[in-house]
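Engineer: First residue of the sequence shown? That's 6 in our numbering, and the numbers climb one at a time after it.
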Amino acid sequence: MESNSKIIEEENAGIISIEKSVLEETKEQNVARGQSILYKIFPEKIEIEPLDSDSEEVPENSELCIDFNDLRYVKLAQSFKYLKFFDINSINFSYADSKNRHFVNFLESSFPDKTNGLYFHSSNKMDLKKSNYLNSLVRISSKVLQVVTFYHFCIGLPSLKRMAAAYKHVGRLRLWVCNLSIPSVPDFSEALSNCQIQKLDLNGSCCYDFSDWENNFDEFKNLVQGLASSPDLRLSLKEVNITHCEVKQAEVEQTFEENQLGGVKIIA
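Here's what the structure looks like:
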């Protein structure tokens, strides 16, 4: 069976695909093990097709999606430490709890050399600092090229600075429906040196159930002032999304204007 095969699992929710080119071609046993694992977990829902591509680009249609609420994917994740992946366009992990060792195995042993996007949805307002894979997320950050998304996390100021510094090279940083605690003005001048972030997406993170910036607008001001402390971010940042944040757009725009970020487009 060719190592450049494409494995497709068709689900009611859509198509989840894992391109076989992501498995190391030089390790035949690894490929065979991966095939065996997938067949055991999805015996009737796997279709194998040859993939004729020698391109060094990240395959646009390759996607690895793991939902830890689904026992089948939990079983698949248990085998991550035995598999090494090549490049994948996007990686999506959903509902991983703070001590998920399989996710750590993936980050430490199986994460591809490059991926355009990483999406990570925590199980329930996970405190990123208390999770057992914050260090791993920082270590693999250079392999994420374009966009990183953290969904449903509690992120304190020290963790925010670490993650911002680690992923400052991506074009889009998305902190979706997160509880951001920013009690003081952070200094991002060094952390965001050579920053390339063009879009900061805070969709839902400011609402009442999370950061509640409507009633704690000073914390939002702290964030903006901290971002402005980085000359490179002031040059790179083009757009900020505050959709579903329950803050007044006029006040947001004024805050950005006061911090030399008046040219940033605000999406509310």
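We treat Cβ as the ideally placed atom computed from N, Cα and C, and that holds for glycine.
Determine the direct distance from the alpha carbon of tyrosine 138 to that of valine 109, and round the result to whole angstroms.
Structural biologist: Valine 109 and tyrosine 138: Cα-Cα distance of roughly 6 angstroms.
Engineer: Taking the C-alpha atoms as reference points, what is the distance between glutamate 263 and glutamine 230?
Structural biologist: Roughly 9 angstroms between the two C-alpha positions.
Engineer: Any idea what DSSP makes of serine 84, helix, strand or coil?
Structural biologist: Coil, per DSSP.
Engineer: Taking the alpha-carbon positions, what's the glycine 161 to leucine 180 distance?
Structural biologist: Approximately 12 angstroms between the Cα atoms of the pair.
Engineer: Apply the 10 Å Cβ neighbour rule to glutamate 224 and answer buried if 16 or more other Cβ atoms are within range, or exposed otherwise.
Structural biologist: Glutamate 224 is buried by the Cβ-count criterion.
Engineer: What residue does the alpha helix (DSSP H) around glutamine 203 start on, and which one ends it?
Structural biologist: Counting along the chain, glutamine 203 falls outside any alpha helix (DSSP H), and DSSP gives it neither H nor E.
Engineer: Between which residues of its own chain and histidine 107 is the CB-CB distance below 7 angstroms, once the five residues before and five after are set aside?
Structural biologist: Ala82, Gln83, Phe85, listed in sequence order.
Engineer: Please go through the same chain and pick out, in chain order, the residues whose beta-carbon is closer than 7 angstroms to the beta-carbon of isoleucine 46, but skip the five residues on each side of it.
Structural biologist: Only weak support is given to the placement of isoleucine 46: the predicted model assigns it a pLDDT of 49, under 50, and the value that follows is read from those uncertain coordinates. Answer for isoleucine 46: Arg77, Lys80, Leu81, listed in chain order.
Engineer: With glutamine 151 as the anchor, note down where its beta strand (DSSP E) starts and where it stops.
Structural biologist: Per DSSP, glutamine 151 belongs to the beta strand (DSSP E) from 149-160.
Engineer: Identify which residue in Ile145, Asp192, Lys104, Phe111 has its Cα closest to the Cα of proline 236.
Structural biologist: Answer by Cα proximity: Asp192.
Engineer: Is it buried or exposed for asparagine 208, if we count other Cβ within 10 angstroms and need 16 for buried?
Structural biologist: Buried is the call here.
Engineer: For the putative contact between serine 141 and serine 103, defined by C-beta atoms under 8 angstroms, what is the C-beta separation to the nearest angstrom?
Structural biologist: Serine 141 to serine 103, Cβ: 13 angstroms. No contact.
Engineer: Starting from leucine 123, trace the beta strand (DSSP E) in both directions and tell me its first and last residue.
Structural biologist: Here the beta strand (DSSP E) through leucine 123 covers 120-132.
Engineer: Under DSSP, the beta strand (DSSP E) around aspartate 72 begins and ends at which residues?
Structural biologist: Segment 68-72, the beta strand (DSSP E) holding aspartate 72.
Engineer: Please state whether the Cβ-Cβ distance between phenylalanine 280 and histidine 126 is less than 8 angstroms.
Structural biologist: Residue 280 lies beyond the range of the chain shown here (6 to 273); nothing can be said about it.
Engineer: If contacts are defined as beta-carbon pairs under 8 angstroms, then isoleucine 247 and valine 257 qualify, I think. What distance do you get, rounded to the angstrom?
Structural biologist: With a Cβ gap of about 6 angstroms, isoleucine 247 and valine 257 count as contacting.
Engineer: For phenylalanine 222, which residues of its own chain have a beta-carbon under 6 angstroms away from its beta-carbon, when the five flanking residues on both sides are left out?
Structural biologist: Closer than 6 angstroms at Cβ, skipping near neighbours: no residue.
Engineer: Between serine 216 and leucine 232, what straight-line distance do the alpha-carbon atoms span, to the nearest angstrom?
Structural biologist: C-alpha separation (whole angstroms): 17 angstroms.
Engineer: Would a C-beta distance cut-off of 8 angstroms place glutamine 203 and lysine 173 closer than the cut-off?
Structural biologist: No, Cβ-Cβ distance for glutamine 203 and lysine 173 is not below 8 angstroms.
Engineer: How far does the alpha helix (DSSP H) with asparagine 140 in it reach, from first residue to last?
Structural biologist: Element bounds for asparagine 140: 139-144.
Engineer: Check each candidate in Ser115, Asn105, Ala101 and name the one with the smallest Cα separation from isoleucine 93.
Structural biologist: Closest option to isoleucine 93, Cα to Cα, is Ser115.
Engineer: Kindly indicate the opening and closing residues of the alpha helix (DSSP H) around leucine 228.
Structural biologist: 222-233 is the extent of the alpha helix (DSSP H) around leucine 228.
Engineer: Can you tell me whether DSSP reads phenylalanine 108 as helix, strand or coil?
Structural biologist: Helix.
Engineer: Along the alpha helix (DSSP H) that carries serine 241, what are the first and last residues, could you check?
Structural biologist: Its alpha helix (DSSP H) spans residues 236-241.
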